[in-house]
Structures are given as C-alpha cells and as structure tokens.
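Everything on this sheet refers to the single structure shown next.
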Amino acid sequence: MKNNILEDLLISDSTQLLALELTINDKHYKLQVNPMEKLVHILRDQLKFTGTKKSCEIGRCGSCSVLIDGELANSCLLMAYQVNGKSITTIEGIGNITHDEVQSAFLKEGGFQCGYCTSGMIIAVESLLKKNLNPTEEDIKEALSGNLCRCTGYGGIIRAIQSVATSD
C-alpha cells in the first residue's frame with residue numbers, strides 16, 4: 044500500500060508529468076515536468092538560467108545555490124515536486140533587484156578567477172547579509188562553508204564580503 048507522495052512519485056509511470064508553477068526572479072512560470080526532475084536541470088536546461096551551475100550534483104560544492112523563499116538551497120538536491128509554488132531567486136535575479144554591491148565587491152577585491160563558483164558564492168553571501176549585516180570573519184566562513192572554490196584561496200572573497208558589510 045502506498046503511504047506517501049515520494050513513494051507514489053518513485054513508482055509512478057515515468058511519463059506522468061507535474062504541472063509545476065514557480066516564481067523565478069519575480070516572474071511566474073508554468074511548466075510540465077517530471078516530478079523527480081532536479082531543480083538545477085529545470086533552471087539551466089529548460090529555462091536557460093545558466094548562471095546556476097552544475098558541478099558535483101550531490102550538494103557539496105554550492106555552485107548550484109539559489110534562494111528559495113529567501114532561504115539558501117542547493118538546487119541539485121531539490122526535485123520539481125519539492126519546489127512547486129515556491130519563489131526562487133537565481134544569480135540572474137540578484138542583479139535585477141538593485142545594483143548589486145556584492146557582485147561589485149567581488150570584482151573589486153578579486154573574489155573570483157575562473158568564475159565557476161562565483162554565482163553560488165554570491166547567492167550564499169546575499170543570504171548571509173540578509174540575516175547579518177555585520178558578519179565576523181567566522182560568520183563569513185560559516186556562511187561560505189557549503190561553497191567550494193578551487194582558484195582563489197578565499198582571501199578575495201572574504202575581503203569582498205567584509206568591504207560590503209562594513210560599508211553599511
């Protein structure tokens with residue numbers, strides 16, 4: 044006997060589609076998707092929000108970070124049925140809100156090199172600064188603990204965040 048939605052989805056016919064409704068970067072979308080489709084694939088492959096990166100796909104690198112109803116989340120770990128009706132902000136939406144000080148600080152302080160991790164880092168920083176306008180270095184390191192960068196050594200990233208936090 045089936046006893047929960049996940050079990051129903053796992054054993055359902057693979058051709059069954061979910062009528063997915065999302066708000067992404069303040070724009071409403073209606074899609075037909077496999078309920079088990081990962082959010083990162085929906086964002087990148089179907090909706091062309093390519094600033095959200097695919098990397099580890101197991102929630103360890105942070106490259107796919109987005110804000111869901113204002114909370115930081117790894118889009119590679121979320122299935123379509125889990126985000127139905129949610130509001131999502133991608134890196135493309137961060138710059139649309141206002142001139143983004145965090146992105147400018149990353150540029151000024153050399154907070155990126157190859158840029159692959161940058162969108163996830165900026166999303167994580169936006170989440171941090173929404174909760175804590177004056178984070179300590181330890182707060183910053185904790186907020187970035189789910190994001191990996193193999194190029195910068197984090198010095199420029201931490202300086203960028205500190206410059207935005209202390210400029211308020």
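Those letters in the sequence shown? Residues 44 to 211, per the numbering used here, in order. Yeah, the Cβ is synthetic: ideal placement off N, Cα and C, and Gly gets one too. Small disclaimer: the values here were computed from a predicted structure and weren't measured.
Close Cβ partners of residue i (< 8 Å) along its chain, the five nearest in sequence each way excluded
i: GLU135; result: ASN68, PHE92 and GLY94
i: THR141; result: Because THR141 sits at a pLDDT of 49, beneath the cut-off of 50, its placement in the model cannot be relied upon, and the following sentence gives the value as read from the coordinates. Hits under 8 Å: none found.
Bridge-paired residues (DSSP) for residue i
i: ASP72; result: Checking the displayed sequence, the identity of residue 72 turns out to be Tyr instead of Asp. DSSP output for TYR72 lists LEU65 as bridge partner(s).
i: ASN117; result: SER108
i: LYS81; result: MET122
i: SER277; result: Outside the displayed span of the chain (44 to 211) sits residue 277, for which this structure offers no information.
Close beta carbons around residue i, own chain, < 6 Å, minus the five adjacent residues each side
i: ASN127; result: LEU63
i: LEU82; result: SER118, LEU121 and VAL126
Whole-Å CB distance - residue i paired with residue j, under 8 Å assumed
i: ASN77; j: LEU60; result: 6 Å
i: SER106; j: TYR159; result: 6 Å
Between the CA atoms of residue j and residue i - distance to the nearest angstrom
i: VAL145; j: LYS73; result: 31 Å
i: LYS97; j: GLY163; result: 10 Å
i: MET122; j: HIS84; result: 10 Å
i: GLU169; j: ILE204; result: 10 Å
i: PHE149; j: TYR124; result: 34 Å
i: THR133; j: VAL109; result: 5 Å
i: GLY196; j: ILE165; result: 16 Å
Candidates the options: closest to residue i by CA position
i: GLY198; options: GLY189, THR133 and GLU180; result: GLU180
i: VAL167; options: LEU82, GLY196, GLU100 and CYS104; result: The sequence given here has Ala at residue 167, not Val. Measuring from the Cα of ALA167, the nearest candidate turns out to be CYS104.
i: ILE137; options: GLY189, GLY153, PRO178 and ILE111; result: ILE111
Own chain, CB closer than 7 Å to residue i, minus 5 neighbours either side, in chain order
i: ARG24; result: Look at the range of the chain in this structure, 44 to 211, and you will see that residue 24 is not part of it.
i: THR161; result: PHE149 and PHE155
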